[in-house]
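There are 2 protein chains.
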Amino acid sequence: MRKYRGSSKLLLQPRTTNEVSQILKYCNSRLLAVVPQGGNTGLVGGSVPVFDEVIINMGSMNNLITFDKGSGVLVCEAGCILENLVSFVDDHGFIMPLDLGAKGSCQIGGNVSTNAGGLRLVRYGSLHGNILGLEAVLANGDVIDMLGTLRKDNTGYDLKHLFIGSEGSLGIVTKVSIHTPPKLSSVNLAFLACKDYFSCQKLLREAKRKLGEILSAFEFLDNQSMDLVLTYLEGVRNPFSSSMHNFYVLIETTGSEESYDREKLEAFLLSSMEGGLISDGVIAQDINQASSFWRIREGIAEALMKAGAVYKYDLSLPVEKMYDLVEKMRQRLGETAKVIGYGHLGDGNLHLNISAPRYDDMIFAQIEPYVYEWTSEHRGSISAEHGLGLMKANKIFYSKSPKTVQLMSSIKKLLDPNGILNPYKVLPHSLSSH
Amino acid sequence: MRKYRGSSKLLLQPRTTNEVSQILKYCNSRLLAVVPQGGNTGLVGGSVPVFDEVIINMGSMNNLITFDKGSGVLVCEAGCILENLVSFVDDHGFIMPLDLGAKGSCQIGGNVSTNAGGLRLVRYGSLHGNILGLEAVLANGDVIDMLGTLRKDNTGYDLKHLFIGSEGSLGIVTKVSIHTPPKLSSVNLAFLACKDYFSCQKLLREAKRKLGEILSAFEFLDNQSMDLVLTYLEGVRNPFSSSMHNFYVLIETTGSEESYDREKLEAFLLSSMEGGLISDGVIAQDINQASSFWRIREGIAEALMKAGAVYKYDLSLPVEKMYDLVEKMRQRLGETAKVIGYGHLGDGNLHLNISAPRYDDMIFAQIEPYVYEWTSEHRGSISAEHGLGLMKANKIFYSKSPKTVQLMSSIKKLLDPNGILNPYKVLPHSLSSH
Numbered sequence: 001m002r003k004y005r006g007s008s009k010l011l012l013q014p015r016t017t018n019e020v021s022q023i024l025k026y027c028n029s030r031l032l033a034v035v036p037q038g039g040n041t042g043l044v045g046g047s048v049p050v051f052d053e054v055i056i057n058m059g060s061m062n063n064l065i066t067f068d069k070g071s072g073v074l075v076c077e078a079g080c081i082l083e084n085l086v087s088f089v090d091d092h093g094f095i096m097p098l099d100l101g102a103k104g105s106c107q108i109g110g111n112v113s114t115n116a117g118g119l120r121l122v123r124y125g126s127l128h129g130n131i132l133g134l135e136a137v138l139a140n141g142d143v144i145d146m147l148g149t150l151r152k153d154n155t156g157y158d159l160k161h162l163f164i165g166s167e168g169s170l171g172i173v174t175k176v177s178i179h180t181p182p183k184l185s186s187v188n189l190a191f192l193a194c195k196d197y198f199s200c201q202k203l204l205r206e207a208k209r210k211l212g213e214i215l216s217a218f219e220f221l222d223n224q225s226m227d228l229v230l231t232y233l234e235g236v237r238n239p240f241s242s243s244m245h246n247f248y249v250l251i252e253t254t255g256s257e258e259s260y261d262r263e264k265l266e267a268f269l270l271s272s273m274e275g276g277l278i279s280d281g282v283i284a285q286d287i288n289q290a291s292s293f294w295r296i297r298e299g300i301a302e303a304l305m306k307a308g309a310v311y312k313y314d315l316s317l318p319v320e321k322m323y324d325l326v327e328k329m330r331q332r333l334g335e336t337a338k339v340i341g342y343g344h345l346g347d348g349n350l351h352l353n354i355s356a357p358r359y360d361d362m363i364f365a366q367i368e369p370y371v372y373e374w375t376s377e378h379r380g381s382i383s384a385e386h387g388l389g390l391m392k393a394n395k396i397f398y399s400k401s402p403k404t405v406q407l408m409s410s411i412k413k414l415l416d417p418n419g420i421l422n423p424y425k426v427l428p429h430s431l432s433s434h
Numbered sequence: 435m436r437k438y439r440g441s442s443k444l445l446l447q448p449r450t451t452n453e454v455s456q457i458l459k460y461c462n463s464r465l466l467a468v469v470p471q472g473g474n475t476g477l478v479g480g481s482v483p484v485f486d487e488v489i490i491n492m493g494s495m496n497n498l499i500t501f502d503k504g505s506g507v508l509v510c511e512a513g514c515i516l517e518n519l520v521s522f523v524d525d526h527g528f529i530m531p532l533d534l535g536a537k538g539s540c541q542i543g544g545n546v547s548t549n550a551g552g553l554r555l556v557r558y559g560s561l562h563g564n565i566l567g568l569e570a571v572l573a574n575g576d577v578i579d580m581l582g583t584l585r586k587d588n589t590g591y592d593l594k595h596l597f598i599g600s601e602g603s604l605g606i607v608t609k610v611s612i613h614t615p616p617k618l619s620s621v622n623l624a625f626l627a628c629k630d631y632f633s634c635q636k637l638l639r640e641a642k643r644k645l646g647e648i649l650s651a652f653e654f655l656d657n658q659s660m661d662l663v664l665t666y667l668e669g670v671r672n673p674f675s676s677s678m679h680n681f682y683v684l685i686e687t688t689g690s691e692e693s694y695d696r697e698k699l700e701a702f703l704l705s706s707m708e709g710g711l712i713s714d715g716v717i718a719q720d721i722n723q724a725s726s727f728w729r730i731r732e733g734i735a736e737a738l739m740k741a742g743a744v745y746k747y748d749l750s751l752p753v754e755k756m757y758d759l760v761e762k763m764r765q766r767l768g769e770t771a772k773v774i775g776y777g778h779l780g781d782g783n784l785h786l787n788i789s790a791p792r793y794d795d796m797i798f799a800q801i802e803p804y805v806y807e808w809t810s811e812h813r814g815s816i817s818a819e820h821g822l823g824l825m826k827a828n829k830i831f832y833s834k835s836p837k838t839v840q841l842m843s844s845i846k847k848l849l850d851p852n853g854i855l856n857p858y859k860v861l862p863h864s865l866s867s868h
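First to last, the sequence lines map onto chains G and C.
Each residue of the first sequence is one higher than the one before, counting from 1 in the numbering used here.
Each residue of the second sequence is one higher than the one before, counting from 435 in the numbering used here.
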């Protein structure tokens, strides 16, 4: 992926909602375009200026507002860094319903604005379910207070969802209210080897039934991903020292009773081994070993960056078809590039990465538009969790019908008639107001 | 509650999305108002005509379209009756993520359009999290195909949420795609008695931690609810034959391993008994006993209807303040009416019911607007799960800020400029286009 870098003459760091409102009111009246920016960890160029838009960086709005120790409802400003929130609620016996590799610098407002997914989605669902309320500032400076803290509220249209995942193009999220689940005491992690993709799929189905309520992550990586991590990251070791396998699966369980959970996981591994679904498997014996397992999965992106040029795709596909695309891509590219497949198998989310010595138009022509066409043909999504940003705005029709996109565009025009909010992003350029 | 009954010269039962589209296109061009109608089980007059609107009843669109036995994704038409879907997915080892008393006649399209809550929300979350996609027809007849089946899809604005809970006023939902979780084999139900509301609250906190991942329902009812059920429903018995208690709690657990779950629930009951949180408790020994426990909780609405006139309120409130309102109401009403409090404690959802021999303006004046003012003051919702419909459209400002309601109204005007879809409902009359 080519890195998107932008430049701007002006970066503002508002400290209050009122300041955000004043800035937007002014910019709207002068037709000045703005880019809302959180931790700037996005992968599709959504939070960088394209020309000379004013950057509104939310990092100074980083106060915790309230935390209810009974219900676990956290209310905070948009600029809070995810990892800080994770630590804070952890101290009170709760966990954040989302967790991602970028947690050390991404901000909750950015997570909400991009509908970030991550590792815990398989257990806790998407932010559309976990965000209880938010405050957003519209392009004209109007502050929309939807900062409720209730699990249930059916009074009128639930407009907060418009701001979840719209990448700052309909308004700037300034405060959020999140439901955090109680932290359960028992967490176990298993690292497993499978001989083929079909076994990974079958293992997922079995895990959903046999581990049921304690399953909290189901991730997979292929042989090429493992190879890459072992080559480029220091201190990473293959948990199965003797041999390489074709596929690896990480299964995490989270529950309230260590002994039961452990027995359940062990029984599951045993039956999977006997049934031939896994060829090897190891349960982390302590937190260090668990970290070393996670390091393999979470280190793939870093290893890819070190390996050279990388073309990144984040796709949702029906689980049974997901790996076909990786294999098709290998056929197309032959020896010119390495094709790496990994991701959130439990959610049907493939991170397809093509690693090459350098960016090359010939390689690129073999990848696009094929990857999008194939995904579209199989009714997948061309952006599972990364969003569209600048990079993929024009690709929206691969996953959305023309009438649906038209309706998005009407809503954009209603909320931001001058098109000042994050222009050139999300919606296709043919439909944007510029 | 006064029952809302309407009449119409015309009731249409389209069999296809195309027919819905043709009907709306015609009605829109002639400025004819329509009422979308599912099972007509709503409690706020949302699905009945006010004057002589054309009724579009969805009951004939009741086909299952696809069911993926791997992922549990069900795609079906809007007119499918919830109970039929429950049975269908059950046969394949899955469960619907929502369950409500009206399941025998309510339709999934109506459930989606009203964002129905019900008994399983505490475990599986709201329909905003469980509905993966939908198809809706706009007022002008445009069919918006958002019928995705993916867990994750961040390509543009997630507009399906506009149609979840907007009570048919922005479009008619014609098809839905739902994520159904695997059915777990072990279900246990306990009926418990608490001496006061504070104990119920504390029990909830403990249950969230100690039962954690297996907790699937946490319902409560007060002494007066029990009394009513015992008086008006035949064949219902108090599980604690010897004495009446002030509060009762139903705790359901759902998990994958009967022996562990049972031990966990028994240990929880024991420690709650020792800690003084519960004064008595019994675990259902078989499905019949479980049904008889649920009958008490689910029979309250029926018993209320038999007891005379009833004023019904469906409120979200912070759990710790929830029962204060019931007591305040008793103080206000004295001997003139019975005040009954029950509901989904796990979600902070109180069903407040006032039962009187007959409807009486004096009683009504003691209830409203006080009940709304009190709820608003405590930042609650005046409609947790029932919606606003006709009955509560003008009450929206008790729970939503003027700017938020203004934005709802703009969106209504954008999607339905002639105001033909379910007029006089949801939005306050001062803002509606008529």
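Where is the CB? At the ideal position from N, CA and C, for every residue including glycine.
Beta-carbon neighbours of C:T548, restricted to chain G and to distances below 8 Å: Numbered from 1 along the second sequence, position 114 holds the residue referred to as residue 548 of chain C. The contact set of C:T548 on chain G, defined by CB atoms closer than 8 Å, consists of N154 in chain order.
Beta-carbon neighbours of C:T838, restricted to chain G and to distances below 8 Å: As a position in the second sequence, residue 838 of chain C is number 404, starting the count at 1. Simply I144, D145, M146, G156, L159.
Paired residues, beta bridge with C:Q541 - DSSP: Translated into positions along the second sequence, residue 541 of chain C becomes position 107. C:I515, per the DSSP bridge assignment.
Strand pairing of G:A217, partner residues [DSSP]: Within the first sequence, numbered from 1, the residue matching residue 217 of chain G stands at position 217. Its beta-bridge partners are G:E252.
Partner residues on chain C for G:N28, Cβ-Cβ distance less than 7 Å: Locating residue 28 of chain G in the first sequence gives position 28, where the first residue counts as 1. Neighbours of G:N28 on chain C: none; closest Cβ ~16 Å, over 7 Å.
Local Cβ density within 10 Å of C:M796, reported as buried at 16 or more and exposed below that: Position 362 of the second sequence, counting from 1, holds the residue named residue 796 of chain C. Exposed, since its Cβ has fewer than 16 Cβ neighbours within 10 Å.
Cβ neighbour criterion (16 or more within 10 Å) applied to C:I854: To locate residue 854 of chain C, count along the second sequence from 1; it is residue 420. Flag for C:I854 reads buried.
As assigned by DSSP and simplified to three states, the class of C:L704: Position 270 of the second sequence holds residue 704 of chain C. It is helical.
Bridge partners - G:G343, DSSP secondary structure assignment: Counted from its first residue, the first sequence places residue 343 of chain G at position 343. The bridge partners DSSP lists for G:G343 are G:F220, G:L350.
CA-to-CA distance, G:L265 to C:E708, given in whole angstroms: Working through the second sequence from its first residue, we reach residue 708 of chain C at position 274. Working through the first sequence from its first residue, we reach residue 265 of chain G at position 265. Note on geometry: alpha-carbon atoms of C:E708 and G:L265 lie some 32 Å from one another.
Within chain G, the residues that C:A651 reaches when beta carbons sit closer than 8 Å: Reading the second sequence from its first residue, position 217 is the one you call residue 651 of chain C. Those do not exist, as C:A651 stays about 14 Å from chain G at its closest Cβ, beyond 8 Å.
Where G:D440 meets chain C, residues with beta-carbon distance less than 9 Å: Because residue 440 of chain G is not part of the residues shown, which for chain G are 1 to 434, the question remains open.
Rounded C-alpha distance that separates C:P836 from G:L415: Residue mapping note: residue 836 of chain C aligns to position 402 of the second sequence, counting from 1. Residue mapping note: residue 415 of chain G aligns to position 415 of the first sequence, counting from 1. Distance between the alpha carbons of C:P836 and G:L415: 16 Å.
C:L637 beta carbon less than 8 Å from that of C:L684: Looking up residue 684 of chain C in the second sequence gives position 250. Looking up residue 637 of chain C in the second sequence gives position 203. Contact flag unset, no.
Assigned exposure category for C:H863 - 16 Cβ within 10 Å defines buried: As a first step, residue 863 of chain C is located in the second sequence; it is residue number 429 there, counting from the start. C:H863 counts as exposed, since fewer than 16 other C-beta atoms from the protein chains shown sit within 10 angstroms of its C-beta.
Within 8 Å, strictly: CB atoms of C:F681 and C:C628: As a working note, residue 681 of chain C is residue 247 in the second sequence. As a working note, residue 628 of chain C is residue 194 in the second sequence. Contact flag set, yes.
CB contact check: C:V454 to chain G, cutoff 8 Å: To locate residue 454 of chain C, count along the second sequence from 1; it is residue 20. Judged by the 8 Å Cβ criterion, C:V454 is not in contact with chain G.
Meets three-Cβ-pair contact criterion under 8 Å: the segment 102-112 of chain G and the segment 78-88 of chain G: Counting Cβ pairs under 8 Å, three or more are found: they touch.
Counted within 10 angstroms of its Cβ, other Cβ atoms place C:E761 as buried (16 or more) or exposed: If you number the second sequence from 1, residue 761 of chain C lands on position 327. Result: exposed.
Alpha-carbon to alpha-carbon, C:T548 and C:R554: In the second sequence, the residue the question calls residue 554 of chain C occupies position 120. In the second sequence, the residue the question calls residue 548 of chain C occupies position 114. Just so you know, the alpha carbons of C:R554 and C:T548 end up roughly 16 Å apart.
Same chain, Cβ closer than 6 Å to G:R2, five either side skipped, listed in chain order: Position 2 of the first sequence, counting from 1, holds the residue named residue 2 of chain G. Bear in mind that the predicted position of G:R2 carries a pLDDT of just 44, short of 50, making it unreliable; the figure below should be weighed with that in mind. So no residue of the chain qualifies.
C:P836 - DSSP class collapsed to helix/strand/coil: Locating residue 836 of chain C in the second sequence gives position 402, where the first residue counts as 1. The answer is helix: DSSP assigns C:P836 an H, G or I state.
Reduced DSSP secondary structure (H/G/I, E/B, other) of C:V482: Position 48 of the second sequence, counted from the first residue, corresponds to residue 482 of chain C. Coil at C:V482, not helix or strand.
Beta carbon proximity, C:Y806 to chain G, threshold 8 Å: The sequence position of residue 806 of chain C within the second sequence is 372, counting from 1. Taking Cβ atoms only, chain G never reaches closer than 8 Å to C:Y806, which makes this a no.
Nearest-angstrom beta carbon gap, G:S185 and G:E252 [assumed within contact, 8 Å]: Taking the first sequence and counting its residues from 1, one reaches residue 252 of chain G at position 252. Taking the first sequence and counting its residues from 1, one reaches residue 185 of chain G at position 185. About 14 Å separates the two Cβ atoms, so there is no contact after all.
Proximity below 8 Å, CB of G:V20 to CB of G:V137: Start at 1 with the first residue of the first sequence, and residue 20 of chain G comes out as number 20. Start at 1 with the first residue of the first sequence, and residue 137 of chain G comes out as number 137. Using a Cβ distance threshold of 8 Å, G:V20 and G:V137 count as a contacting pair.
C:G590 beta carbon less than 8 Å from that of G:M408: Counting from one through the first sequence, the residue named residue 408 of chain G turns up at place 408. Counting from one through the second sequence, the residue named residue 590 of chain C turns up at place 156. For G:M408 and C:G590, yes; Cβs fall inside 8 Å.
Cβ-Cβ distance between G:G141 and G:Q22 below 8 Å: Looking up residue 141 of chain G in the first sequence gives position 141. Looking up residue 22 of chain G in the first sequence gives position 22. One thing to note: G:G141 has its Cβ within 8 Å of the Cβ of G:Q22.
Span separating the alpha-carbon of G:I411 from that of G:A393: By 1-based counting over the first sequence, the position of residue 411 of chain G is 411. By 1-based counting over the first sequence, the position of residue 393 of chain G is 393. Going from the Cα of G:I411 to the Cα of G:A393 covers about 16 Å.
Neighbour-count burial assignment, C:Q719, 16 or more Cβ in a 10 Å radius: As a position in the second sequence, residue 719 of chain C is number 285, starting the count at 1. That one is exposed.
C:E732 versus C:H785, C:N497, C:I801, residue with shortest Cα-Cα distance: As a working note, residue 732 of chain C is residue 298 in the second sequence. When the alpha-carbon of C:E732 is set against those of C:H785, C:N497, C:I801, the nearest one is in C:H785.
Opposing strand residues paired with G:L11 [DSSP bridges]: Against the first sequence, residue 11 of chain G aligns to sequence position 11. Residue pairing by DSSP places G:L11 opposite G:I55 in a beta bridge.
3 or more residues per run - each beta strand (DSSP E) lying fully within the segment 112-139 of chain G: Along the segment 112-139 of chain G, the beta strand (DSSP E) occurs as fully enclosed runs of 3 or more residues at 131-137, listed in sequence order.
Alpha-carbon to alpha-carbon, G:L315 and G:H386: Working through the first sequence from its first residue, we reach residue 386 of chain G at position 386. Working through the first sequence from its first residue, we reach residue 315 of chain G at position 315. About 9 Å.
Closer than 8 Å at the beta carbon, the chain G residues around C:M842: Locating residue 842 of chain C in the second sequence gives position 408, where the first residue counts as 1. C:M842 reaches chain G at G156, Y157, L159, counting residues in chain order whose Cβ is nearer than 8 Å.
Within chain G, the residues that C:V860 reaches when beta carbons sit closer than 8 Å: The residue you call residue 860 of chain C lines up with position 426 of the second sequence. Listed along chain G are G156, Y157, each with a C-beta nearer than 8 Å to that of C:V860.
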